[in-house]
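Under numbering that gives the first Met the number 0, the letters of the sequence shown match residues 0 to 832, in that order.
Here the structure is laid out as structure tokens; the discussion comes afterwards.
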Amino acid sequence: MSAIDTRGKFYLGREYDLKKDQVTDKSVIYDARHLTTHGVILGMTGSGKTGLGIILLEEALLQGIPTLILDPKGDIVNLLLAFPDLLPQDFAPWVDVEGARRHGVSVEEYAEQEARKWQEGLAEWDITGERIGRLREAAQLTVFTPGSEAGQPVDVLHFFDTPALDWDEHEESLRERIGGIVSALLGLVGVEADPLQSQEHILLARIIEHVWRAGEQLDLPTLIRLLQKPPFQQVGVFELETFFPEKDRFALARTLNNLIAAPGFETWQQGTALDVGQLLHGADGRPQASIFYLAHLHDAQRLFFITPFLQAARDWLRGQSGTTDLRALIYFDEVFGYFPPYPKNPPSKTPLLALIKQGRAAGLGIVLSTQNPADLDYKGLTNAGTWAVGSLRAERDKERVLEGLEGAIAEAGGRMSRRTVERALGALKPRVFLFHDIHAGPPLFFHTRWAMSYLRGPLTKRQVRELAKEQGSRGVGQEAFVEREPVEERSPEPVSPGLITTPPSLPPDVPQVFLPPTVAFEWALRSYEERVGQTMLARERQMVYTPHLLALGTVRILDRKRDVDTRKSVARLVRIGAGDTQADWDAGEVVAVEKGDLTPRPIGEGMYAAVPAALARPRDLKRLAKDWADYLYYNTSIIIPYNPLLKLYGEVGESRRDFHVRCEEEARRRRDAEIKKARVRMEQQMARVQQKLRREQRELTEDREDLDARKREEMLSLGESAFNLLTRRRSSSMISRASRKRTLTKKAQADVQESVEAIDDFKQQLEDLKAQWDEETAEIGDRWADTLEEIEEFEAKPRRADVAVEFCGLAWVPAWRVTLDDGQRVDLPAREM
């Protein structure tokens with residue numbers, strides 16, 4: 000056995016002399032057991048980082064070490080492109096067609112060049128076809144494609160199942176698992192949730208924990224239903240309705256339902272379960288390399304898969320005994336974004352850090368690869384015992400690597416020339432790496448060997464599908480994996496008459512949009528069963544998109560005189576027959592659709608009905624758009640109540656009852672104001688009369704006092720006259736004085752009588768004014784009350800310039816076309832309108 004094939008050793012390349020700028024003859028042989036302290040591969044684009052990762056995995060497979068590989072970019076799938084015979088026809092299906100064109104040769108000629116390059120490259124590094132053959136036979140390679148059937152699908156949603164773990168013993172880890180699931184799920188629907196602050200995260204986590212503690216079964220549809228009606232009424236010290244109102248819970252439930260209703264989501268719950276023991280070893284005990292191809296997923300979907308994958312690895316790790324050998328390897332390519340430094344904390348970070356900390360004791364090695372070392376958690380860097388660092392240009396990346404490398408070397412009792420390493424990192428050639436193994440002395444520089452796998456570059460999903468078919472035809476990588484719930488083989492669903500599998504080709508000037516499905520098939524079927532009152536057995540189902548005319552418009556109604564300024568959004572969904580040229584807008588369905596709800600392309604796969612001619616011709620659609628604008632102009636208005644006596648107009652959206660109440664308040668206000676004004680006038684009049692009355696009453700008092708005085712004087716005068724008469728003293732002057740006294744008494748009596756009459760008159764005036772006041776207030780009240788009977792209606796219409804057509808074109812409306820067990824075919828709505 001040659002040195003490069005020593006048991007338990009990895010042949011990675013040869014040492015590199017920086018001063019002479021050349022490869023030496025000394026091979027770099029790495030002890031596989033050292034990977035139990037984990038490793039990192041760092042380097043910028045073009046450094047050879049991906050090639051080194053594939054070489055490391057090739058050596059692990061040759062040593063019979065099972066591996067789990069996360070491949071976000073689609074590079075590591077190149078492991079399956081290992082050709083023992085190195086024949087051009089082996090390379091031909093996989094060479095870059097654009098590369099052949101750039102070289103000015105045919106694909107066949109380019110394949111010959113690539114095959115020759117690989118033959119020469121491998122020979123230079125003492126690698127034979129026989130060794131490539133051993134690589135092909137050493138382990139079973141399978142490409143998994145979560146959320147797709149291009150490769151082997153993965154059942155991710157089974158992770159909602161209640162785990163068989165004791166809560167008293169594993170409470171912390173179970174809650175971490177729940178937190179990761181909830182964060183990944185919310186991320187998948189675009190909800191950024193802080194586990195400690197987000198009401199969405201807290202409520203979902205509480206529901207899952209409640210169900211798991213009760214030992215009940217849970218899946219995503221059940222979680223959605225429980226979200227609307229949780230099995231508890233209090234969260235912390237708050238009532239459920241206060242903490243998370245029902246309408247907000249329904250909105251979140253609807254968002255999650257849209258997720259499972261989307262065509263193609265069912266592939267997330269089909270295929271192989273995330274059972275790490277099964278993924279590492281086949282039923283016959285043969286080691287396996289499970290490559291999880293994630294390039295076809297967007298970031299949120301990748302996180303949705305990676306988080307439960309790492310949690311599954313933790314579950315497997317708990318059941319493993321201790322060992323110093325490398326029992327299994329997890330390789331995470333392009334880990335950027337999944338293991339960031341503090342304070343960032345994506346749901347993938349906690350389980351990955353736990354694997355790094357706990358994996359060593361159980362013989363699980365973790366290798367992380369990234370071109371952004373500054374975006375890698377410091378704990379991950381310092382926990383790595385093996386470093387391979389390629390060329391780095393960014394100063395912050397070099398600084399981060401030097402800090403971590405210094406710490407790792409110091410922990411191992413070694414020393415490092417920081418200046419030498421820093422200078423070297425910025426000038427390393429492709430495939431040249433600084434290599435440090437804390438178990439094997441000081442750092443060194445080495446040049447990677449030639450990869451046995453053809454480094455084609457990232458593969459597309461279509462290429463992965465072809466590769467999976469090729470693997471299946473050779474019987475490789477499929478028989479060892481048992482799907483969680485085996486699905487009975489059945490022939491493809493027949494296409495309904497008149498339907499095609501892709502959207503029809505239409506002129507580019509035809510505006511067309513898609514209404515995304517929001518109702519899951521199960522819910523649509525259940526609603527239909529409730530409507531017809533019996534259970535239905537569905538034999539077949541298809542997502543069918545039917546063409547409709549969708550018209551969206553906005554109308555502004557402005558009337559400054561009446562203080563009206565409002566906008567109305569109007570939407571109609573109209574069926575257009577094959578021979579129709581006009582749209583019956585009144586017969587169209589009024590829908591709650593906004594422009595933001597529409598998508599330019601379908602979500603998932605489906606069947607498509609034929610498009611009527613009127614919806615396929617740009618000139619017809621332009622005419623329909625003009626007709627829609629006319630319809631909006633002539634048929635859109637606002638009825639506003641109006642009180643002409645009060646000169647009061649209703650507000651937009653105000654009911655007749657509310658307007659009547661407002662008129663009552665206004666009439667009452669005006670009545671009170673008029674009464675107040677009249678009261679001031681009346682009080683002034685009454686005050687004048689009362690002033691005269693008081694003056695007359697004072698005069699009456701004075702007149703009565705004067706009368707009494709006159710009467711006394713008259714009595715004295717009469718007494719004197721009588722005395723004189725008795726004494727026979729009579730004189731003309733005495734008679735004259737008595738007469739005068741009598742006259743003055745009569746005048747005083749007349750003054751008293753005049754005052755009494757004046758007082759009575761003034762009192763009567765006050766009574767008359769009071770009566771007049773009562774009549775006037777009654778008249779004022781009646782008059783303003785009558786104004787409430789004078790409510791009319793005013794119709795506010797738009798100006799032509801205030802009518803805007805936002806969209807008028809072809810809309811594809813989704814429906815579930817179901818063939819029932821009795822052969823009847825029905826269409827069930829796949830979207831709430």
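For every residue, glycine included, the Cβ atom is placed at its ideal position computed from N, Cα and C.
Judged by beta-carbon spacing, residue 449 lies beyond the 7 Å limit of residue 134, meaning their Cβ atoms are not closer than that value. The segment 141 to 153 and the segment 282 to 302 touch, with no fewer than 3 CB-CB distances between them shorter than 8 Å. Relative to residue 57, the option among 4, 242 and 85 whose CA is nearest is 4. Closest by C-alpha distance to residue 801, out of 221, 601, 554 and 86, is 554. The Cβ atoms of residue 192 and residue 185 sit closer than 7 Å to each other. The beta carbons of residue 417 and residue 433 sit no closer together than 7 Å.
The shortest C-alpha to C-alpha distance from residue 832 to any of 785, 632 and 593 is the one to 593. Look at the beta carbons and you see the segment 277 to 288 not touching the segment 242 to 253: under three pairs across the two are nearer than 8 Å.
In the structure shown, the three-state DSSP call for residue 503 is coil. Along the length of the segment 123 to 167, whole alpha helix (DSSP H) runs at least 4 residues long occupy 128 to 137, reported in chain order. Residue pairing by DSSP places residue 815 opposite 542 and 827 in a beta bridge. With a threshold of 16 other beta carbon atoms within 10 Å, residue 318 falls short and is exposed. In this structure, the CA atom of residue 139 is about 17 Å from the CA atom of residue 129. In this structure, DSSP gives residue 8 an extended state, which the three-state scheme calls strand. Proximity of the segment 25 to 36 to the segment 255 to 273 falls short of the contact definition, fewer than three beta-carbon pairs being nearer than 8 Å. Counting along the chain, the unbroken beta strand (DSSP E) around residue 27 starts and ends at 21 to 30. Under the criterion of beta carbons closer than 8 Å, residue 340 and residue 306 do not qualify as touching, at roughly 18 Å. By the Cβ criterion, the segment 171 to 182 is not in contact with the segment 323 to 337, since fewer than three pairs of Cβ atoms, one from each stretch, lie closer than 8 Å. Note that the C-beta distance between residue 373 and residue 395 is below 7 Å. When the alpha-carbon of residue 638 is set against those of 628, 613 and 653, the nearest one is in 653. Your pair residue 311 and residue 64 does not check out as a contact, with CB atoms roughly 19 Å apart and the cut at 8 Å.
Burial check for residue 679: the Cβ neighbour count within 10 Å stays below 16, so the residue is exposed.
Going by C-alpha positions, residue 206 is about 23 Å away from residue 264.
In the structure shown, the three-state DSSP call for residue 117 is helix. CA-CA distance, residue 648 to residue 640, rounds to 6 Å. Taken through DSSP and simplified to helix, strand or coil, residue 209 comes out as helix. Taking one beta carbon from each stretch, the segment 574 to 588 and the segment 520 to 530 have fewer than 3 pairs nearer than 8 Å; the two do not touch. Segment contact: the segment 760 to 777 against the segment 595 to 615, fewer than three CB-CB distances shorter than 8 Å; contact not assigned.
In the DSSP assignment, residue 315 falls within the unbroken alpha helix (DSSP H) covering 298 to 317. DSSP, read as helix, strand or coil, puts residue 453 in coil. Judged by beta-carbon spacing, residue 83 lies within the 7 Å limit of residue 131, meaning their Cβ atoms are closer than that value. With a 10 Å radius around the Cβ and a threshold of 16 neighbouring Cβ atoms, residue 714 comes out exposed. Of the candidates 586, 315 and 365, the residue whose Cα lies closest to the Cα of residue 329 is 365.
Residue environment for residue 571: buried (at least 16 other C-beta atoms within 10 angstroms of its C-beta). In the assembly as shown, residue 575 is a buried residue. Its beta-carbon has 16 or more other beta-carbons within 10 Å.
Rounded to whole angstroms, the Cβ separation of residue 811 and residue 611 is 13 Å, and the two are not in contact under 8 Å.
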